[in-house]
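According to this note's numbering, the stretch in the sequence shown is residues 9 to 369, in order. For each residue, glycine too, the CB sits at the ideal point set by N, CA and C. Heads up: the structure comes next, in structure tokens.
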Amino acid sequence: MDRAYLDYNASAPLRSEARQAMVQAMDCVGNPSSVHAEGRAAKAILERAREQIAQALGAQGADIIFTSGATEAAGLALHGRAFSCADVEHEAVRAWCKTDLSIDKQGQITVHEPERSAVQLANSETGILQTLPKGVAVCDMTQAFGKLPVAFNWTGAQMGLISAHKIGGPKGIGALVIKRGTELAAQIKGGGQEMGRRSGTENLVGIAGFGAAAEAAIRDVEQGVWAHVEKLRNILENSIEQISASTIFIGKSRPRLPNTTCMVTQGWKGETQVMQMDLAGLAVSAGSACSSGKVKESRVLRAMGFGASSTGSALRVSLGPETRQKDIDWLVESWSKQYKKWAARAMTAQNEQETLNGNFG
């Protein structure tokens, strides 16, 4: 059965450039910490990838600390200190912070003490972009990196979080980007790898793929690939509006990621829509994928002030460089078919309830 993958914010397909770099790294037997020729060859692969990622971020190689993913990077950045964040942040950030920053219905966070706050650059569910205050302690760049022109020094943050698999690299590798001079205690101690901030022999194969993916991702940004993706996103939203005038698009009037649609049809469960689209061959989501397969109401929309009829009815569609017009047409046709069935059932239920109310009124 043919399928269309429309869940890029959860994970992007592995890029061919990343795959090739990983295969080549597999043939490298040396440990990057060893001083012999094989070790130096491994070290060269490691440092090349570090430079590729740094260049993609407008940073320096020494600013990049490799981790097992953005979740570990968040823990490394936030552990041992008191930070604040909003309830729209990723669970990996919320787990370390006091969620006392307010957020309005447009998805904008109010930050009073930037130096003690963790703020995302883009939300994974809505795609809404934040205006970052200068000097914010930690910036979650995971969703924005590779989709928008992003420079670490432009964020003004002390530390930033990034992940390989969001940009077409392998799963299980990420990095903490850190401004030089920022104090940071290691969580994992041992051999002193990663400039003493994250011990353990580096995942050379994953890192090689990460570097290649970062280089390719930024090339896509520069060549306007995501501008084309945004056009497809707009076609999708306009088509859905023609089918259902009651469906709303979260953050449509705000600056957003070019690939993300978060649409709400009140009363029609997002979980149901996801399953129906899956059966039709379309991979979409009801929200963030980092909750071990759990599907529940959107914490993000609840934090933005939406009621239960909306928070349980969100559907996220996130496109990517490989998305085609035919995928959008497929989704619109499949969604329309199920929407009409749901709307008919909802109307029947409403009529029956009105009849009951009339009989017993």
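Item to complete: Can you grab the Cα-Cα spacing for the pair Lys155 / Asn17, in whole Å?
Response: Position 147 of the sequence shown, counting from 1, holds the residue named residue 155. Position 9 of the sequence shown, counting from 1, holds the residue named residue 17. Distance between the alpha carbons of Lys155 and Asn17: 10 Å.
Worksheet entry | Rounded separation between Ser300 and Leu339 - CA only | By one-based count along the sequence shown, residue 300 stands at place 292. By one-based count along the sequence shown, residue 339 stands at place 331. Because the pLDDT at Ser300 is just 41, under 50, the model does not fix this residue reliably, and the point stays unresolved.
Worksheet item: Which runs of the alpha helix (DSSP H), 4 residues or longer, sit entirely within the region 55-101?
Response: Within the region 55-101, the complete alpha helix (DSSP H) segments of 4 residues or longer fall at 78-86, listed in chain order.
Worksheet item: CA-CA distance, Ser19 and Asp335?
Response: Position 11 of the sequence shown, counting from 1, holds the residue named residue 19. Position 327 of the sequence shown, counting from 1, holds the residue named residue 335. Between Ser19 and Asp335, the C-alpha separation is close to 18 Å.
Discussion item. Here's a check: name, in chain order, each residue in its chain whose Cβ is nearer than 7 Å to the Cβ of Leu327, leaving out the five neighbours to either side.
Written reply: As a working mapping, residue 327 is identified with position 319 in the sequence shown. Answer for Leu327: Leu14, Tyr16, Val237, Leu240, Arg241 and Asn267, listed in chain order.
Fill in: Selection from Ala183, Ala12, Trp343 and Met30 that minimises the alpha carbon distance to Ala85
Within the sequence shown, numbered from 1, the residue matching residue 85 stands at position 77. It is Ala183 whose Cα lies nearest to the Cα of Ala85.
Discussion item. Just verifying my parser: in three-state terms, what is the DSSP assignment at Ala371?
Written reply: Outside the displayed range of the chain (9 to 369) lies residue 371, so it cannot be described from this structure.
Discussion item. Rounding to the nearest angstrom, what Cα-Cα distance links Pro157 and Ala45 in this structure?
Written reply: The residue labelled residue 157 in the question sits at position 149 within the sequence shown. The residue labelled residue 45 in the question sits at position 37 within the sequence shown. Rounded to whole angstroms, the gap between the alpha carbons of Pro157 and Ala45 is 38 Å.
Worksheet item: Going straight from the alpha carbon of Leu290 to that of Glu223, what length do you get?
Response: Here residue 290 corresponds to residue number 282 of the sequence shown, with the count starting at 1. Here residue 223 corresponds to residue number 215 of the sequence shown, with the count starting at 1. CA-CA distance, Leu290 to Glu223, rounds to 29 Å.
Worksheet item: Going by alpha carbons, who is nearest to Gly189 out of Pro178, Ala294, Met203 and Ile196?
Response: Indexing the sequence shown from 1 puts residue 189 at position 181. The option with the nearest alpha carbon to Gly189 is Met203.
Worksheet entry | Where Val31 sits in the DSSP three-state scheme | Locating residue 31 in the sequence shown gives position 23, where the first residue counts as 1. DSSP places Val31 within a helical segment (H, G or I) once states are collapsed to three.
Worksheet item: Which residue or residues does DSSP assign as beta-bridge partners of Ser326?
Response: Looking up residue 326 in the sequence shown gives position 318. Its beta-bridge partners are Asp15 and Thr268.
Item to complete: Decide yes or no for the touch test of the region 342-354 against the region 269-286: beta carbon pairs closer than 8 Å, at least 3 of them.
Response: With the rule of 3 Cβ pairs closer than 8 Å, the region 342-354 counts as touching the region 269-286.
Worksheet entry | Residue nearest to Leu22 in terms of C-alpha spacing, selected from Ala322, Lys179 and Phe257 | In the sequence shown, residue 22 corresponds to position 14, counting from 1. Minimum Cα distance to Leu22 is reached at Lys179.
Worksheet entry | Buried/exposed call for Glu457, threshold 16 Cβ in 10 Å | Nothing about residue 457 can be read from this structure; the chain reaches only from 9 to 369.
Item to complete: Determine the closest residue to Met124 out of Asp10, Lys142, His173 and Asn39, with distance taken between C-alpha atoms.
Response: Position 116 of the sequence shown holds residue 124. Note that residue 124 is Arg in the sequence shown here, rather than Met. For Arg124, the nearest C-alpha among the options comes from Lys142.
Item to complete: Measure the CB-CB distance between Asp71 and Phe160 and report whether it falls below 8 Å.
Response: Residue numbering aside, residue 71 sits at position 63 when the sequence shown is read from its first letter. Residue numbering aside, residue 160 sits at position 152 when the sequence shown is read from its first letter. A contact, by the Cβ cut-off of 8 Å.
Worksheet item: Quick one: what does DSSP say Glu337 is sitting in, helix, strand or coil?
Response: Residue 337 sits at position 329 when you count from the first residue of the sequence shown. A small fix is needed here, since residue 337 is Asp in this sequence, not Glu. Look at Asp337 here: in three-state DSSP terms it is helix.
Discussion item. In the DSSP assignment, the alpha helix (DSSP H) including Val127 goes from what residue to what residue?
Written reply: Within the sequence shown, residue 127 is the residue found at index 119, counting from 1. Counting along the chain, Val127 falls outside any alpha helix (DSSP H), though it belongs to the beta strand (DSSP E) covering Ala126 to Gln128.
Worksheet item: What are the boundary residues of the alpha helix (DSSP H) that includes Asp112?
Response: The sequence position of residue 112 within the sequence shown is 104, counting from 1. From DSSP, Asp112 is part of no alpha helix (DSSP H); its letter is neither H nor E.
Fill in: Nearest-angstrom Cα separation, counted from Thr356 out to Glu230
Position 222 of the sequence shown, counting from 1, holds the residue named residue 230. Position 348 of the sequence shown, counting from 1, holds the residue named residue 356. Glu230 and Thr356: Cα-Cα distance of roughly 51 Å.
Worksheet entry | Rounded C-alpha distance that separates Ile170 from Ala352 | Looking up residue 170 in the sequence shown gives position 162. Looking up residue 352 in the sequence shown gives position 344. Cα to Cα, the separation comes out at about 44 Å.
Discussion item. Need the endpoints of the beta strand (DSSP E) that Ala222 sits in, please.
Written reply: As a working note, residue 222 is residue 214 in the sequence shown. DSSP places Ala222 in no beta strand (DSSP E) but in the uninterrupted alpha helix (DSSP H) bounded by Leu212 to Glu230.
Item to complete: Please determine if the region 74-91 and the region 99-113 are in contact, where contact requires at least 3 C-beta pairs separated by less than 8 Å.
Response: With three or more CB-CB distances shorter than 8 Å, the region 74-91 counts as touching the region 99-113.
Fill in: Where Met355 falls: helix, strand or coil (DSSP)
In the sequence shown, the residue the question calls residue 355 occupies position 347. Three-state result, Met355: helix.
Worksheet entry | Rounded straight-line distance, which links the Cα of Ser92 to that of Asp108 | Here residue 108 is taken as the residue at index 100 of the sequence shown, counted from 1. Here residue 92 is taken as the residue at index 84 of the sequence shown, counted from 1. Rounded to the nearest whole angstrom, the C-alpha separation of Asp108 and Ser92 is 6 Å.
Worksheet item: Quick one: Cα of Met34 to Cα of Gln151, how far?
Response: The count along the sequence shown starts at 1 and reaches residue 34 at position 26. The count along the sequence shown starts at 1 and reaches residue 151 at position 143. Distance from the CA of Met34 to the CA of Gln151, rounded to the nearest whole angstrom, comes to 28 Å.
Item to complete: Spell out the partners DSSP gives Met167 in its beta bridges.
Response: In the sequence shown, the residue the question calls residue 167 occupies position 159. Met167 is bridged to Val146 and Ile186.
Worksheet item: From the DSSP output, which residues share a beta bridge with Ser293?
Response: For this step, residue 293 is matched to residue 285 along the sequence shown. Partner(s): Arg324.
Worksheet item: How big is the Cα-Cα spacing for Lys348 and Phe257?
Response: Working through the sequence shown from its first residue, we reach residue 348 at position 340. Working through the sequence shown from its first residue, we reach residue 257 at position 249. Each residue's Cα considered, the two are about 19 Å apart.
Fill in: Three-state class that DSSP yields for Lys239 in the structure shown
To locate residue 239, count along the sequence shown from 1; it is residue 231. DSSP, read as helix, strand or coil, puts Lys239 in helix.
Worksheet item: Do Ile53 and Cys36 have their C-beta atoms within less than 8 Å of each other?
Response: Numbered from its first residue, the sequence shown carries residue 53 at position 45. Numbered from its first residue, the sequence shown carries residue 36 at position 28. In contact: Ile53 and Cys36 (Cβ atoms closer than 8 Å).
Discussion item. Can you list, in chain order, the residues of its chain with a C-beta nearer than 7 Å to that of Val292? Leave out the 5 residues immediately preceding and following it.
Written reply: The count along the sequence shown starts at 1 and reaches residue 292 at position 284. Same-chain partners within the cutoff: Leu14, Asp15, Val282, Met285, Leu323, Arg324 and Val325.
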